[in-house]
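Every letter in the sequence shown is one number past the one before it in numbering that gives the first Met the number 0, and letter 304, counting from 1, is 303. For every residue, glycine included, the Cβ atom is placed at its ideal position computed from N, Cα and C. Reading through the structure tokens given below for one structure.
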Amino acid sequence: MSLHLLGIRHHGPGSSRNILESLAAIEPDIILIEGPPEGESMLQWVAHEQMKPPVALLAYVPDNPRRAVFYPFTTFSPEWNAIKYALANKIPVRFIDMPLVHSLATGGAEEPMPETETAETEDEPIDPDPAKAEQTFEQLKRNPMSYLAALAGFEDAEEWWEQSFELAHKPGQVFEAVEAAVTALREELPLKEDREEEIREAFMRKAIRTAEREMYTRIAVVCGAWHVPALHRKAKQKDDDALLKNLPKVKVDTTWIPWTNDRLSYESGYGAGVQSPGWYAHSWQHADDNGALWLAHTARIFRANKVDISSAHIIEAVRLANALAGLRSLARPGLKEFSEATLAVMCMGDEILMRLINKELIVGRELGEIPEGTPQAPVQRDLEQQVKKLRMKISNEEKLMKLDLREESDLQKSILLHRLQAIDVAWGNPRVTSGKGTFKEEWAICWFPELTIDLLEKAPWGNTVEAAATRYLADRAAKCTRLDEITLLVQKALPADLQNAVRNIMRRMDELAAGTSDTLVLMDAFAPLVQVSRYGNVRKTDLATVGLIMTAIFYRITAGLPPGCTNIDDDQAATMAEKIKQVTQSVLLLEDPALKGAWLETMKKITGLQQTAPMVHGCCCKILYDAGVLGNSEMEAEFSKALSVNNSPGASANWLEGFLKDAATVLILDDDIWGIVNGWLLALDEAVFMQVVPLLRRTFAVYTNTEKRKIAPRAARGGGEQKATQAQYDIDT
């Protein structure tokens, strides 16, 4: 019996090449791979012709999909190539890492991505002084080779590994060197005990013993280089069994999902913080490239983005990269040398252009594909079928999608995107469209692998997107305690064409509306219902129930609003004025004479109450003036009362803000209103005027620059030169 331990770097193309050469030489009768045993049933799909990396093996707890882990694979992953070799040669292949039924059972229930971490920045260089190893334990655990890289004089562990092992061509010697280096690292450094690591390695040794008992004679083990010494160590079986005793367990499901290059930097499962998957893919496909092909790809990207690059640039960059490798005593240039040559020759030192190369080439935009029929949760399969039926495309590049809801195909796309929004799967995000048409929508759509977790989280609610959205919204509605909360659910349910959810939501809304006396809450609920009522007919939805509840809420508002506008402070008055404006716009949008008349009567009641807050009073006067209820003479009388010298300057300024805020057109075009305001300002003595100026600034602050420029000349004309100058300055600033 022979045991061959092949220590690799996850996602290393050189490691993949060495693995394949070693397996061909060993001719194993079983291959054991560091990976979750729960994923073995999914390995048959690796050989499928429609399987296109990058992909990820997703393992999750069905009752809590947020407790999950990804195992990404790409074309240059050593594990991926070992699996393909085993399947092609009909050799048994097993995963031997710690079962996820245990590891996910011990993870925090509220962790959104257990064991997931984004390595967006390079690790800090490790101090090779052994006395300081304890301080760098966590960094060593994440990337143990960083210590050896520091000893070799490299600041970047990835660069050191690439030069020392990825570009080597003698696999036997490479694996021996890796084992010797890691063995010395684990023996010499005073690293503290890591129970989870000990348990993982105990499971791996247990799997090796099992293979030996089953009489396999040539066993190949593909694992992270860090584990090789522990697997060679002759640990006692009873000690390992003691470690593995009484571990907690939880149910785990697995599936394949498409992955992306930029997500390969995630340190989850096989994630190794790979910052340059595009470069690794190139190294895997073109092992003998001296840089000419890589830099030609670089030039092509620059040219596609209107940057002039000639063949001379490519030639000089190749020469510079090889010269840098020679100066650094390297066998051949790597990514660092090519990037520096690109920056110097093609970018002329401009690092902004290098960001383009990093995004498009060094990282890349690859999105994997999985075969049809791959085991999935029912809701996943339903989404996949709908996407295919509607001829939509899942992509990791953001694209704008314009929809015309009068077209049945576009309407169905909109319904699907809205249903996903309803269950918090944000594949598409709606954009504000130009124009006033109600039949147009614009979406920014972009798929991220993490959205699969969001979708799986809703799997218990139903086997289809429609069923899951219906039950999920109904459950949320039952838990709502405020009317303004549930109106948002109506806005989600109606465009998603979820009629059963709408009925459940409306019943709950009716209950909450009947028990709500807070006028502000009622006003917050009214505007969304008006939008639904006004625009819902484009989707051919039944709005009768919406209309009944909306009308009931409206009359509760008119009953409670007048007393709610009295004896309130300035902040409350500002909030109330904004709410009144919103309801006014909604009432006008409905074009219902009865509701409009009732609303204007309510405005008259508010202005007739002596204790009405000045800002609210001014706001209501403006509404009545715009509606023609108050003519010029009545408006002049209101101004006279509000801006009387008998009132405090603050109260007058607040009233003026209520009237003029968001109403620059009145000052520009209405000479009567202008004359009243201008006369009031000129009549103030200097001390009072200076007190009022800060309050007036709030009013003019919301005006556009164009509006201010039109008002300023009017302020500059007229009596009171000092006040006019100050007023013009305040308007301009």
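For A303, same chain residues with a beta-carbon under 7 Å away, outside a window of 5 residues either side, do not exist.
As DSSP reads the structure, I414 sits in no beta bridge. For T253, the enclosing beta strand (DSSP E) covers residues D252 to P257.
Judged by beta-carbon spacing, F72 lies within the 7 Å limit of P52, meaning their Cβ atoms are closer than that value. Positions of the alpha helix (DSSP H) runs, each at least 4 residues long and wholly inside the stretch 497-532, are given as 498-513 in order along the chain. Distance from the CA of W160 to the CA of L150, rounded to the nearest whole angstrom, comes to 12 Å. The distance from the Cβ of L42 to that of I82 is about 6 Å, consistent with a contact at the 8 Å cut-off. P459 and T259 have their alpha carbons spaced roughly 27 Å apart. By the criterion of a C-beta distance shorter than 6 Å, L623 is surrounded in its chain by M602 and L629, once the five residues flanking it on both sides are discounted. Here H312 is actually not in contact with V362; their C-beta atoms are around 22 Å apart, not less than 8 Å.
Per the Cβ contact rule, the stretch 581-598 is not in contact with the stretch 628-647 (fewer than 3 Cβ pairs under 8 Å).
As computed with DSSP, M400 is found in a beta bridge with W442. A Cβ-Cβ distance of about 7 Å is found for the pair V306 and L352, placing them in contact under the 8 Å criterion. H285 counts as exposed, since fewer than 16 other beta carbons sit within 10 angstroms of its beta carbon. Per the C-alpha coordinates, the member of P494, P374, W44 and M549 positioned closest to R506 is M549.
Between V221 and L455, the C-beta spacing is not below 7 Å.
For H616, no beta strand (DSSP E) encloses it; the enclosing alpha helix (DSSP H) starts and ends at P613 to D625.
Contact holds between the stretch 698-713 and the stretch 653-667, because three or more Cβ pairs, one in each stretch, are under 8 Å apart.
The continuous beta strand (DSSP E) containing G6 extends over residues S1 to I7. Look at T565 here: in three-state DSSP terms it is strand. Remark: C-beta atoms of I552 and A524 approach each other more closely than 7 Å. With distances taken between CA atoms, E158 lies nearest to F337 out of F69, G678 and F337. I579 and D474 have their C-alpha atoms some 32 Å from each other. DSSP, reduced to helix, strand and coil, places P374 outside both helices and strands of the structure shown, so it counts as coil. In the pairwise beta carbon analysis, the stretch 282-297 is classified as not touching the stretch 378-395: fewer than three pairs are separated by under 8 Å. Around the CB of R318, fewer than 16 other CB atoms lie within 10 Å, so the residue is classed as exposed.
The three-state reading of DSSP puts K491 in helix, counting H, G and I together. The closest CA to that of A176, considering only E186, E187, F164 and Q490, is found on F164. Under the three-state reduction of DSSP output, I314 falls in the helix class. Remark: C-beta atoms of D240 and R204 do not approach each other more closely than 7 Å. Each residue's CA atom was taken as its position, placing Q420 and T698 some 38 Å apart.
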